[in-house]
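Undergrad: Counting from 333, one number per residue, gives the positions in the sequence shown under my numbering.
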Amino acid sequence: MKAGHQVMLSNSRRPKRSGVSAIGCEVGTVDDVAAFGEMLIAPIHLQLLSANPATPLKKKAALNPQNSFPHLGPVPELDSVEFATAKVLPRLLPGSKW
333 MKAGHQVMLS
343 NSRRPKRSGV
353 SAIGCEVGTV
363 DDVAAFGEML
373 IAPIHLQLLS
383 ANPATPLKKK
393 AALNPQNSFP
403 HLGPVPELDS
413 VEFATAKVLP
423 RLLPGSKW
């Protein structure tokens, strides 16, 4: 934000968190954030990411700095050790840039 970037945050637990506007960013729903800007940083559990629509992310750069959380349920591709997270994410969000 200090460098002039527009930033929007979404927090499913408390979307209208106080203090967010004090740092100079916008607040929105998950859908708002997906449609906003050119890049998405989505620290979303893999198990939850597959439940979100990928359409708004087409042609956007998407970063997902996280790992699988086994207690949230299996991710077959990762459990079989065939794929790393970096190979699973493009399948969950087709059309986005990784």
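For glycine and all other residues, C-beta sits at the position ideal for the given N, C-alpha and C. Because the structure is a prediction, the values reported are computed rather than measured.
1. By the three-class DSSP mapping on this structure, what secondary structure does Leu425 have?
2. So which of Pro406, Pro408, Cys357 and Leu425 has the shortest CA-CA distance to Ala394?
3. Given that a residue counts as buried once 16 or more other Cβ atoms are within 10 Å of its Cβ, and exposed if not, what is Ala366?
4. For the beta strand (DSSP E) containing Ala394, name the first residue and the last one.
5. Please classify Val359: does DSSP put it in a helix, a strand, or coil?
6. Along the chain, where does the beta strand (DSSP E) that runs through Met371 open and close?
7. Determine whether the beta carbon atoms of Met340 and Cys357 lie at a separation below 8 Å.
8. Given Ile373, which residues of its chain have a CB within under 6 Å of its CB, disregarding the five upstream and five downstream residues?
9. Alpha carbon to alpha carbon, how far is Lys391 from Pro422? Give it in angstroms, no decimals.
TA: Let me lay it out:
1. Note: Leu425 maps to coil in three-state DSSP.
2. Comparing Cα-Cα distances from Ala394 to each of Pro406, Pro408, Cys357 and Leu425, the minimum goes to Leu425.
3. Residue burial annotation: Ala366 is buried, with at least 16 other C-beta atoms found within 10 angstroms of its C-beta.
4. Ala394: member of the beta strand (DSSP E) spanning Ala393 to Leu395, first to last residue.
5. Val359 carries a strand assignment under DSSP once its states are collapsed to helix, strand and coil.
6. Run containing Met371: Met371 to Ile373, per the beta strand (DSSP E) assignment.
7. Cβ distance < 8 Å, so Met340 and Cys357 count as in contact.
8. Exclusion of the five residues before and after Ile373 leaves Leu395 as the residues of its chain whose Cβ lies within less than 6 Å of its Cβ.
9. Pro422 and Lys391: Cα-Cα distance of roughly 12 Å.
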